[in-house]
Amino acid sequence: MSWRREWTLTVLLAVLMAGAFGLEPRFVSVKAQTLLFTHLWELAVVAVPMLLIIITGGIDLSVGSTIALSAISLGLMFERGVSLLIAVPGAIVIAALLGATNGWFVARLKVHPLLVTLATMAAFRGIAEGISLARPISGYPDGFLQVAQGPLPAIIFGGLAITTHIVLTRTVFGRWIVAIGTEETVSRFSGVPVARVKLVLYAVSGFACGLAAMILVARNNTAKADIGMGMELDAITAVVLGGASIQGGKGSIPGLVLGLILIHETREFVSWHWKQNELNLIVIGSLLLVTVLLERIPTRRKLGEIAQH
Amino acid sequence: MALIEIRGLIKRYGGVVALNGVDLTIEAGEVHAVCGENGAGKSTLNRILAGSVKPDSGHILVNGQPLNFGSVAASEAAGIAMVHQESAAFLTLSAVENHQIMREPSLAGGLWLDRAEMKRRTIASLAEFGETFDPSVSLEFRSLAQRQMVAISRAVAGDCRLLILDEPTASLSSRETDALFSAIRKLKDAGVAVLYVSHRLDEVFALSDRVTVLRDGKWVATQHTARTSHEKLVQLMVGREVTFADPVESKIAQTVLEVKNLTSEGQFHNISFQVNAGEIVALAGLVGAGRSEVARAIMGLDSLDSGEVRVEGALIHKDAIAKGLALVPEDRQHEGLFLPFSLRDNMALAARFAHGGWIDRDGERANSQSFMESLSIKAASDLAPASSLSGGNQQKVLIGKWLATHPKVLILDEPTRGVDVGAKAQIHQLVRELAAKGVAVLVISSELSEVIALGDRILVMRQGRLAGELSRAEATQDRILKLALHQKGEAVIASQHHRGMPRELGVGLLLLAMLVAATAMNRSFLSVENVRDMLVKVAPAIIVGCMMTLTILAREIDISVGALMGLCAATLGIACSPDRMGLPVAVGIGMCLGVGLLGGAINGLLVSRAKVPSIIVTLGMLTILRGITELAMGGKWIEHLPDGLRQLGTGAALGVPFSVWMAGFFVLIGFWITRRTRFGLQVMALGSNPSAAALRGIPTGRVTLGVFVLTGVAAAVAALFSSTQLQVIESGFGNGFELVVIASVIVGGTSIRGGSGTIGGTVLGATLLGIISTTLIFLKLGESATYWERAIQGGFILIAVLGDHLGRRKLGGAA
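Heads up: the sequence lines are chains A and B, in that order. Under this note's numbering, think of the first position of the first sequence as 1, with each following residue one higher. Under this note's numbering, think of the first position of the second sequence as 1, with each following residue one higher.
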């Protein structure tokens, strides 16, 4: 395993933080950082299963919409007087089922995941808009809202990331994930239950979207059909930045965590210093392209060696 | 003077020398055979001659003129044509297109293909080989032999002076082989030289005048075929005498593997046999006879129409490996090994060394190290990646991977393909030892000597059926061949594919049903105003969709079009609005188109030159473009668009809005490109089979760049007409539009895997998705229907996908 990408990201992060310290010393303070990190968790939670799916050579474009539909489900249940003790798990289960729907199309019907999740991305968001008539649903009890301020989102992400890291490096299931993305046919010939693994991963992705939806609703005190818009692109960017190959077979949790932190710090710093969120889009997009391009240069030499096989 | 003189050809791939100073002379009108083991350098030599590979040094003279290396066009101009192996066909293209690509008769330099002439030439060319099938059908609906005939007839059509044939008979029946041989003799009489590569020495002796032997990339000998012998050639190829251990008579014990009435339509029919413990059964037959398919079905990898498999009496159902079955597949790289994985991981994957899901690392290490020793695998360590090993050692790793599962039944599909003779003898020995230990062994091999050397019994398959069984005593090469070869008058199993209902028809009917229902509910649905509104609404999706179809046909995708439209609109507004720059309208339009062109070109260059996957490139571009747009607009809408500009969005000619005219224009352009231009054909070929496209000399980088540039320009044009419909340009203009466009293309039936799809489908798809909400309102489903628009669009894509799946299932499990 090569740690190249992790080093690149660490150096970039160090340069960024050093620069930030020079320009905006208060940005690097513990207090500011703690506050800013509350913006990261929903993306971080969604990015973990996205990493696994991308390692299998798949993709999930529907995460933002799944978050929206899960959040709206919570809102509508709450509005009709359902206890949050039931509505929250219910909304998370709904999200997991939405993910399983993606998985069923991808794994059982063998439809290209780009196509499936493109369709469900439109469909889930559309259903969320349709059942809520695109209005916001607010007014949650304080106990629920405080969840987002506390350490729970961070604990959820930490637990998810550590579990996933152990699964990827120590278990047969984790090896199957990498095997499927490396060469799906060989995996099938080797007795790997390809369809089952994929189905589970897309369902897990839906489940994580449910968790992210709860975090988002609690933080904003509102559920609206447009929440989570564009989340899929941020999550994919974090995964690819973290060294995963979009063709599958490669990716790690340490890389993803670094990718997430780099995106997060870049974004927050740009907003802090220039007070212009628009700049962020340009910076993050360029970060993605430059990181991918940088690694193309030395690998070119290896192409000849690969070509002969 | 010799027709072709090859001098000192050297080609290296990384550290491996594929050709090491080869000299060869080919005379006009001779059939020159080239023999050698796998890895001897035959393919590299062919590819250099055909122009798809550039040598490191050396030169080739054609009639005394030096040949320009590395260009298929230059080789073809010099009269050198090559028949590639079967994998180089464009399956989603028709026989005509496969036959004529890169040499299409056309007007204006490829801008108007003469399709009638293309078809006429193909039919005439195929007729010379006695083939009379309809060449306008996709090649995927043709048999292997027919595909081969298309490739061969393509190669000899035109001014061919040297024809290169690489294992041309591998998938041909005897009748077709006869036709090929007589065609070769005809060509020879006409003075054409033929370079004939085959491992079938019988053919070499039947056909060739001279034969050259290569070994390890070096020239070994060139001899007159009449003055050499079978044994002599083998010795030259191998470089030493090889002795294989004599077969040992084994005692037959109880039945382990029992296969009963196995049938899979279009693949194999009613296959029944048994393999006993300690027995080696060989399964012989031609390539394409259905042997590998039977092996896969036994393992439960493919679905069956009927039949059953038992191991020691227990029925196998999706648990083949657990019940003691193991298959060492034919294709090491794509079925057998994970090349980037270490030997240790490879040998652990099928056997699963684990305690309750946790990987047992000690068990894995012990396993791989014991096999490295017992199979004498040569590698730096068991942590070396499989890709770093030679073919023979890879094959041993693959066998080790399956022995680790302690199989009761071991199926070996072409176990010695591409391994050197030393490793081959070791593998044969190993197979016999395994049988002696009581494993039931089934060996699939195309090599008759291997079949005879290993098999206690020999089963022969022909055209998907068991043609006969021979005991070791009865087995001779002649008898096996007679059973394996296609008999005159016997029905050929063509691949059982049918073409389903074209997608355009399905989408069209759905659209029609919607229109009829809405009109029945409310007459004003088809009023002039409403139809005009609907057309204006779908126009941008059609404009971009037509060019996106090309991108997806080329097996790429562009998710940045929505963001690019946003930037184009912002450019237009900022340039022309008197609040901002206040430039003349014409300048603004020019800048808008320029931005589209530039955006497309950047996408195209990053994909084609830097080889970054298009989804990543356009994802990055989407983010960047959106950022630039928002920064430029400063979060405000652009107001006071000049009247000249508003005319674009609101004006009309002959009562039809400009945007609808433009959509019509793009549809025509789309049809023209896909149906009538050389570029369009190259787009289809690239998407259909990228590696074959490179072999044929298609300028893949330019084609990729082209489709992205066209898509970028289309985004600019769509922005011109749709952003000027209102008084203002909103800040979020274009966001999410990529989904509408991609959905239109996909619902219209274009395959996300490239190579098949039509402009007509995209137009129908865009129309269907675009007018859903209007229709729902007219169906009196209320104003809230607009909220459901997106849900229904997504639903339609899923329905389209489901329909495809159900359609494909009817065609059998082959797809």
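Every residue, glycine too, gets a C-beta built ideally from N, C-alpha and C. Values in this document were obtained by computation on a predicted structure and should not be read as measured data.
Quiz item: If Ser751 of chain B sits next to Gly760 of chain B, beta carbons under 8 Å apart, how far is it from one beta carbon to the other, in whole angstroms?
Solution: Taking the first residue of the second sequence as 1, we reach residue 751 of chain B at position 751. Taking the first residue of the second sequence as 1, we reach residue 760 of chain B at position 760. In fact, because the Cβ distance is near 15 Å, the residues do not count as touching under 8 Å.
Quiz prompt | Burial state of Lys250 of chain A, where buried means 16 or more other Cβ atoms lie within 10 Å | solution = The sequence position of residue 250 of chain A within the first sequence is 250, counting from 1. So Lys250 of chain A counts as buried.
Quiz item: When DSSP builds the beta bridges, which residues end up paired with Asp166 of chain B?
Solution: Residue mapping note: residue 166 of chain B aligns to position 166 of the second sequence, counting from 1. B:Val197.
Exercise. Identify, in the order they occur along the chain, each residue of the same chain with its Cβ nearer than 7 Å to the Cβ of Ala766 of chain B, setting aside the five sequence neighbours on each side.
Key: The residue you call residue 766 of chain B lines up with position 766 of the second sequence. Correct list, in chain order: Val538, Ala541, Ile542, Gly545 and Ser744.
Quiz item: If you follow the alpha helix (DSSP H) that Glu117 of chain B is part of, which residue opens it and which one closes it?
Solution: In the second sequence, the residue the question calls residue 117 of chain B occupies position 117. It spans Arg115 to Ala127 - the alpha helix (DSSP H) in which Glu117 of chain B sits, taken as one unbroken run.
Quiz item: Is the beta carbon of Ile772 of chain B sitting closer than 8 Å to the one on Ile742 of chain B?
Solution: As a working mapping, residue 772 of chain B is identified with position 772 in the second sequence. As a working mapping, residue 742 of chain B is identified with position 742 in the second sequence. The answer is no: Cβ separation not under 8 Å.
Quiz item: How would you call Ile493 of chain B, buried or exposed, if buried means at least 16 neighbouring beta carbons within 10 angstroms?
Solution: Here residue 493 of chain B is taken as the residue at index 493 of the second sequence, counted from 1. Summary for Ile493 of chain B: the model assigns pLDDT 47, below 50, so the residue's position carries little reliability, and this model does not support an answer.
Quiz item: Taking a cut of 9 Å between CB atoms, which residues from the region 113-131 of chain A lie near chain E?
Solution: Checking the listed chains, one finds no chain E in this structure; the protein chains it contains are A and B.
Exercise. Please list the segments of the alpha helix (DSSP H) lying wholly inside the region 720-776 of chain B, counting only runs of 4 or more residues, in order along the chain.
Key: 737-747 and 759-770
Self-check item: Contiguous beta strand (DSSP E) assignments of at least 3 residues, all confined to the region 414-481 of chain B
Solution: 440-444, 457-462 and 465-471
Quiz item: Helix, strand or coil for Cys35 of chain B per DSSP?
Solution: Here residue 35 of chain B corresponds to residue number 35 of the second sequence, with the count starting at 1. Reduced to three states, the DSSP call for Cys35 of chain B is strand.
Exercise. Pull out every residue of the region 173-206 of chain A whose Cβ sits closer than 7 Å to any Cβ of chain B, in chain order.
Key: Phe173, Arg175, Ala179, Thr182, Glu183, Thr185, Val186, Arg188, Phe189, Ser190 and Gly191
Quiz item: How about Pro690 of chain B: is its C-beta nearer than 8 Å to some C-beta of chain A?
Solution: By one-based count along the second sequence, residue 690 of chain B stands at place 690. So, not an interface residue.
Quiz item: In the region 610-643 of chain B, which residue ranges form an unbroken alpha helix (DSSP H) of at least 4 residues, counting only runs that do not cross its ends?
Solution: 614-633
Quiz item: Can Met237 of chain B and Val213 of chain B be called in contact, C-beta distance under 8 Å?
Solution: Within the second sequence, numbered from 1, the residue matching residue 237 of chain B stands at position 237. Within the second sequence, numbered from 1, the residue matching residue 213 of chain B stands at position 213. Contact: yes.
Quiz item: What is the DSSP secondary structure of Gln395 of chain B, counted as helix, strand or coil?
Solution: Stepping through the second sequence from its first residue, residue 395 of chain B is reached at position 395. The answer is helix: DSSP assigns Gln395 of chain B an H, G or I state.
Quiz item: Do you know how far the Cα of Arg465 of chain B is from the Cα of Leu271 of chain B?
Solution: For the purposes of this step, residue 271 of chain B is identified with residue 271 of the second sequence, where counting begins at 1. For the purposes of this step, residue 465 of chain B is identified with residue 465 of the second sequence, where counting begins at 1. Note on residue identity: the sequence assigns Ile, not Leu, to residue 271 of chain B. If you take the alpha carbons of Ile271 of chain B and Arg465 of chain B, they lie about 7 Å apart.
Quiz prompt | Nonlocal neighbours in the same chain, by C-beta distance under 6 Å from Thr326 of chain A, ignoring five residues either side | solution = Residue numbering for chain A in the displayed model covers 1 to 309; residue 326 of chain A lies beyond these limits and cannot be assessed.
Quiz item: Whose CA, out of B:Ile26, B:Pro584 and B:Met633, lies closest to the CA of Leu162 of chain B?
Solution: Walking along the second sequence from the start, residue 162 of chain B turns up at place 162. For Leu162 of chain B, the nearest C-alpha among the options comes from B:Ile26.
Self-check item: Backbone secondary structure at Tyr202 of chain A - three-state DSSP
Solution: Locating residue 202 of chain A in the first sequence gives position 202, where the first residue counts as 1. DSSP places Tyr202 of chain A in helix when its eight states are reduced to three.
Self-check item: Gly489 of chain B, buried or exposed, once every other Cβ within 10 Å from all chains shown has been counted against 16
Solution: Mapped onto the second sequence, residue 489 of chain B falls at position 489. Note on Gly489 of chain B: pLDDT 46, under 50, position unreliable in the model; no value is reported.
Quiz item: At least one CB of chain B closer than 8 Å to the CB of Asn280 of chain A: is that the case?
Solution: For the purposes of this step, residue 280 of chain A is taken as residue 280 along the first sequence, with counting starting at 1. For Asn280 of chain A, the answer is yes, since a Cβ of chain B falls inside 8 Å of its Cβ.
Quiz item: To the nearest angstrom, how far is it from the Cα of Ile86 of chain A to the Cα of Val283 of chain A?
Solution: Start at 1 with the first residue of the first sequence, and residue 86 of chain A comes out as number 86. Start at 1 with the first residue of the first sequence, and residue 283 of chain A comes out as number 283. If you take the alpha carbons of Ile86 of chain A and Val283 of chain A, they lie about 42 Å apart.
Quiz item: Taking Cβ positions only, does Gly255 of chain A come closer than 8 Å to chain B?
Solution: As a position in the first sequence, residue 255 of chain A is number 255, starting the count at 1. Closer than 8 Å: no.
Quiz item: From what residue to what residue does the beta strand (DSSP E) around His59 of chain B run?
Solution: Counted from its first residue, the second sequence places residue 59 of chain B at position 59. Looking at the DSSP string, the run of the beta strand (DSSP E) that includes His59 of chain B is Ser57 to Val62.
Exercise. Would you kindly report the start and end of the unbroken beta strand (DSSP E) that includes Glu104 of chain B?
Key: Along the second sequence, read from residue 1 onward, the residue named residue 104 of chain B stands at position 104. Run containing Glu104 of chain B: none; DSSP gives neither H nor E here.
Quiz item: Are any of the Cβ atoms in chain A nearer than 8 Å to that of Ala766 of chain B?
Solution: Counting from 1 along the second sequence, the entry for residue 766 of chain B is found at position 766. No, no contact with chain A.
Quiz item: Less than 8 Å separating the beta-carbons of Leu211 of chain A and Ala238 of chain A?
Solution: On the first sequence, position 211 is the one that residue 211 of chain A refers to. On the first sequence, position 238 is the one that residue 238 of chain A refers to. Contact: no.
Quiz item: In whole angstroms, what separates the C-alpha of Phe207 of chain A from that of Ile92 of chain A?
Solution: Mapped onto the first sequence, residue 207 of chain A falls at position 207. Mapped onto the first sequence, residue 92 of chain A falls at position 92. So the two alpha carbons sit approximately 6 Å from each other.
Quiz prompt | Partners in chain A for Pro329 of chain B, counting only beta-carbon separations shorter than 7 Å | solution = Taking the first residue of the second sequence as position 1, residue 329 of chain B is located at position 329. Ordered by position in chain A, the residues that pass the 7 Å Cβ test against Pro329 of chain B are Phe189.
Quiz item: For Tyr196 of chain B, which residues in chain A fall below 8 Å Cβ to Cβ?
Solution: Here residue 196 of chain B refers to the residue found at position 196 when the second sequence is read from its first residue. Result: empty, since nearest Cβ-Cβ is about 25 Å, beyond 8 Å.
Practice problem: Return the Cβ separation of Lys396 of chain B and Ile411 of chain B in integer angstroms, given the expectation that the two are a contact with Cβ distance under 8 Å. | Solution: By one-based count along the second sequence, residue 396 of chain B stands at place 396. By one-based count along the second sequence, residue 411 of chain B stands at place 411. So it is not a contact: roughly 17 Å between Cβ atoms.
Quiz item: Of all the CB atoms in chain B, is at least one closer than 8 Å to the CB of Leu216 of chain A?
Solution: Here residue 216 of chain A is taken as the residue at index 216 of the first sequence, counted from 1. No, its Cβ sits nowhere closer than 8 Å to a Cβ of chain B.
Self-check item: Interface residues of the region 334-356 of chain B facing chain A [CB-CB below 8 Å]
Solution: His334, Glu335, Gly336, Leu337, Phe338, Leu339, Pro340, Phe341, Asp345, Leu349, Ala350, Arg352 and Ala354
Quiz item: Taking the C-alpha atoms as reference points, what is the distance between Gly748 of chain B and Leu798 of chain B?
Solution: Residue numbering aside, residue 748 of chain B sits at position 748 when the second sequence is read from its first letter. Residue numbering aside, residue 798 of chain B sits at position 798 when the second sequence is read from its first letter. Cα-Cα distance, rounded: 12 Å.
Quiz item: What did DSSP end up calling Asn68 of chain B once you bin it into helix, strand or coil?
Solution: Translated into positions along the second sequence, residue 68 of chain B becomes position 68. Note: Asn68 of chain B maps to coil in three-state DSSP.
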